[in-house]
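**Student:**
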Amino acid sequence: MIKIDDLTVKIGNRAILNDITLDIPHGHWTCLVGPNGAGKTTLLKVLLGVREYSGSLQDNGVEVYRNHKRNVAFVPQHPEIPTGMTVAEYVALGRSKIEGWGNESPESRAFIEEVLIQTQLYGMHQRHVAQLSGGEMQRALIARALAQEPELILLDEPTSALDLHHQISVLNNIEILKTRGVTVISTMHDITLAAMYAERIVVMHDGKVLLNGAASDVIHSSELRSAFDNRINVYTLDSGRPVIVASKDDQEN
Amino acid sequence: MFSKNRREGIGEIWNWQITATCALILFIVGALAISFGPIHLGIADIAKTLIGMDGLHGQERTVLLDLRLPRMILAALVGAALATSGAVYQTVFRNPLADPYLLGAAGGAGLGATIAITNSGGNIYGWLPIFSFLGATLAVATSFFISGRFFAEPNTLLLSGIAVGSFATAIQTYLQQRHSNALRPVYNWILGELTVANWSIVSWSSVYILSSIAVLISISKKLDGLLLSDEESFSLGIDPNRLRMIAVAAATLATATAVSASGLIGFVGIVVPHLVRGITHRVTNRSLLTISLVGAAFLVVADLGARSLLSPAELPIGVITAFVGAPFFLFVLRTRRITHS
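Chains as they are written, first to last, in our numbering: chain A, 1 to 253; chain B, 254 to 594.
1. Does DSSP classify residue 47 of chain A as helix, strand or coil?
2. Should residue 575 of chain B be flagged as near chain A, meaning a C-beta pair shorter than 8 Å?
3. What whole-angstrom Cβ distance do residue 545 of chain B and residue 336 of chain B have, given they're in contact under 8 Å?
4. Residue 252 of chain A CB to nearest chain B CB: under 8 Å?
5. Over the uninterrupted alpha helix (DSSP H) stretch that includes residue 361 of chain B, give me the two end residues.
6. Among all the DSSP beta bridges, which residues are the ones paired with residue 74 of chain A?
7. For the 8 Å Cβ check, are there 3 or more pairs between the segment 483-495 of chain B and the segment 354-361 of chain B?
8. From what residue to what residue does the alpha helix (DSSP H) around residue 344 of chain B run?
9. Hey, quick one: how far does the alpha helix (DSSP H) through residue 505 of chain B stretch, first residue to last?
10. Using the rule of at least 16 other Cβ atoms within 10 Å of the residue's Cβ for burial, across every protein chain shown, is residue 526 of chain B buried or exposed?
11. So if I threshold CB-CB distances at 8 Å, which residues from the segment 480-504 of chain B count as touching chain A?
12. Report the start-end ranges of each alpha helix (DSSP H) in the segment 288-314 of chain B that is 4 residues or longer and not cut off at the edges.
13. Where residue 141 of chain A and residue 236 of chain A are concerned, what is the direct C-alpha to C-alpha distance, given to the nearest angstrom?
14. Just mark residue 176 of chain A as buried or exposed, buried being the case when its beta carbon has 16 or more other beta carbons within 10 Å.
15. When you compare each of A:36, A:246, A:219 and A:221 to residue 231 of chain A by their alpha carbons, which one comes out closest?
16. I need the straight-line Cα distance from residue 165 of chain A to residue 192 of chain A, nearest angstrom please.
17. Shortest alpha-carbon distance to residue 334 of chain B belongs to which of B:363, B:557, B:569 and B:552?
18. I think residue 278 of chain B touches residue 288 of chain B, with their Cβ atoms under 8 Å apart; what is that distance to the nearest whole Å?
19. Tell me the DSSP secondary structure of residue 141 of chain A in three-state form.
20. According to DSSP, is residue 80 of chain A part of a helix, a strand, or is it coil?
21. Flag this pair as touching only if the segment 190-206 of chain A and the segment 26-43 of chain A have three or more C-beta atom pairs under 8 Å; answer yes or no.
22. Can you check which of these residues, B:505, B:326 and B:572, is closest to residue 338 of chain B by C-alpha distance?
23. For residue 15 of chain A, which residues does DSSP report across the bridge?
24. Kindly list, in the order they appear in chain B, the residues whose Cβ is closer than 7 Å to that of residue 112 of chain A.
25. Check the C-beta distance from residue 393 of chain B over to residue 497 of chain B and give it rounded, since I have them as a contact under 8 Å.
26. Determine the chain A residues that contact residue 266 of chain B at a beta-carbon separation under 9 Å, and present them in chain order.
27. For residue 565 of chain B, count neighbouring C-beta atoms within 10 Å of its own C-beta (all shown protein chains included) and say buried if the count is 16 or more, exposed if not.
28. Would you decide whether residue 569 of chain B is buried or exposed? Buried here means 16 or more other CB atoms lie within 10 Å of its CB.
29. Counting only Cβ pairs nearer than 7 Å, list the residues of chain B close to residue 74 of chain A.
30. On the three-state DSSP scale, how would you describe residue 214 of chain A?
31. Is it right to say residue 269 of chain B is buried, meaning 16 or more other beta carbons lie within 10 angstroms of its own, or is it exposed?
32. If the criterion is Cβ atoms closer than 8 Å, does the pair residue 197 of chain A and residue 171 of chain A meet it?
33. With a cut-off of 8 Å, do at least 3 Cβ pairs link the segment 44-61 of chain A to the segment 308-318 of chain B?
34. Taking the straight line between their C-alpha atoms, what separation do you get for residue 417 of chain B and residue 483 of chain B?
35. Can you give the Cα-Cα distance for residue 229 of chain A and residue 495 of chain B, rounded to whole angstroms?
36. Under a Cβ-count criterion, where at least 16 other Cβ atoms within 10 Å of its own Cβ denotes burial, should residue 23 of chain A be classed as buried or exposed?
Given below as structure tokens:
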């Protein structure tokens, strides 16, 4: 269990995250949703252990800040793309946490191969990452996370800037991680996709958590609508699957 | 269904045969460098002398042991130091144009050297290395101090390094103008020279340079993590700030030592790393040992050119590194896709 108590993160005097208290269970996919500036990315970085905070954030009873003992994979929205590094090298970096930097064993190399095949990158693994398309780069990031065999994976907008086809393929890869027992925490702009894949949804607004619960409950809640200033409509398809769309001003009420 | 493709594997990330080849090249150019000169020394005689058998005698023996050998070794050390530090700075600052003198080391060393030259009367060489070493390390330390939390923004350190370097150069130019008799030695030193090489310089500079390079090579695989964002490298198990600190400290120590032993030799720190990366098509810092070896070989050859082209006069070695290095670099730039950090 990840336990967050009275967590506050400030830049200068401005609170980016304001007195958050939240429990996130392991073994599930939890999705952070909310408008831009709600503090979702900051919360991911705090969960990773790179951002200072006041209050407490414990993962299995251990404070996370600067804690190198956890094996947490991080998939940023805007990764630093190392010019000249090949896809195979890039994915191999994922093994560093487990095997130490640059010590790929034959088993590791086989594992990396496996991951490249799984993410449909095998065959282009000698290409430079800088030459990949947006969708391929996203898959390379996921592949590196898969190679890391993490206990927790944090993804910042893993599907933004991807077409529908690639969105689904990336999300399916993340789901594979989850079936291996990995805890998944992601931010996602597309609430329909969030409802489709995540089991739990945390609604954030202005650095605060408005609601936290099972995806199906949160989707139909008034808190979700109010986080987006009541500018969203929730429809339910015949299959029972919810679809969330933005509403135009003249359609309000 | 992918079983047919799978047999090829993902390939080696670094081919160590390249490193071995470069070590061999260094050995060969090193042997040629101590053999060539106004007095030609046979390779076989050199080998015999070095392993303690009956080889060279008298003047030839003195030329080998007291002139050429220390000079060749110093050239190799300085070349390795500059090339390795250049590669490391390029990774740390994620800037392909970063060079070892970037953080004010050149300006600081220049000022230190000028102070030594203008105040030493005749005996300039006793104090020169010490003063330029102090100048270089002080300048880099000042850049660090001014930039404060540089790790949040590496470019701040770069900018403060440029400012500190310019400030030191301004004072240096002022001193130089005040003491016109110092113009020539200062100018010679700035262009780089290895004529001062002797066993004492070789022994103290080898301690600093080799230990710095050893530290850098020991962290070389981790340095690849600095090519990613800090969050990503943290998640892969490194502390990016600490790693940068170690890398910059070791690279600065190597650079300051090289500068104080041989003056300012330009171009090596940028050209050699890019040559190795360009030719191997690899950006990984696993190439660091290879870059050291190529840097060493490059400077040994450059020094051979410096002392033979206008023999018996000597050209400043910095002229050779730029004169040979620049066109060669442009050639590689045109024919290969240069990759960088």
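Ideal Cβ positions, reconstructed from N, Cα and C, are used throughout, including at glycine.
**Tutor:** The structure says:
1. helix
2. no
3. 6 Å
4. With a pLDDT of 48 at residue 252 of chain A, under the threshold of 50, the modelled position of that residue is not reliable, and the figure given next carries that caveat. Not closer than 8 Å to any Cβ of chain B, the Cβ of residue 252 of chain A fails to qualify, so no.
5. 358-372
6. A:154
7. no
8. 322-345
9. 493-515
10. buried
11. 480, 481, 482, 483, 484, 485, 487, 488, 489, 490, 491 and 492
12. 296-303
13. 33 Å
14. exposed
15. A:246
16. 15 Å
17. B:552
18. 16 Å between Cβ atoms; not a contact.
19. helix
20. coil
21. yes
22. B:505
23. A:10
24. 263
25. About 14 Å separates the two Cβ atoms, so there is no contact after all.
26. 86, 88, 89, 92, 102 and 104
27. exposed
28. buried
29. 484, 485 and 488
30. strand
31. exposed
32. yes
33. no
34. 27 Å
35. 44 Å
36. exposed
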